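Below is one structure, written out as structure tokens; the observations come after it.
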Amino acid sequence: MSCLPTPSRSVRPAAVINQEIRDLLQRSDGLVLSAADEATYQGLLVEWAAATGTSTRRTAA
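For the sequence shown, position 22 matches number 149 in our numbering, and the numbering has no gaps at all.
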């Protein structure tokens, strides 16, 4: 029996998530995102990081 947690859903390809991020930012016309769009963007970033095996944390310079 495995001790690893089971993901609640399958991981989508990073390219698909990346396209959704691009579409979201394009719809904003380079302006500040609404609160709802910002929440969507943050969720997509987390999902993209999981799909690519990277972190969304910023590193100190």
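From the three backbone atoms N, C-alpha and C, an ideal C-beta is built for every residue, glycine too.
A quick note: this is a predicted structure, and the numbers were derived from the prediction, not measured.
Among residues of its own chain, excluding the 5 on either side of residue i, which ones have a beta-carbon nearer than 7 Å to its beta-carbon?
i	result
V138	A177, A178
S182	A176
I144	L171, E174, W175, A178
Skipping 5 residues on each side, what residues in its chain have a beta carbon closer than 8 Å to that of residue i?
i	result
L151	L160, D164, T167, Y168, L171
P140	A178
Count the other C-beta atoms from every protein chain shown that fall within 10 angstroms of the C-beta of residue i, then say buried if there are 16 or more, exposed otherwise.
i	result
Q146	exposed
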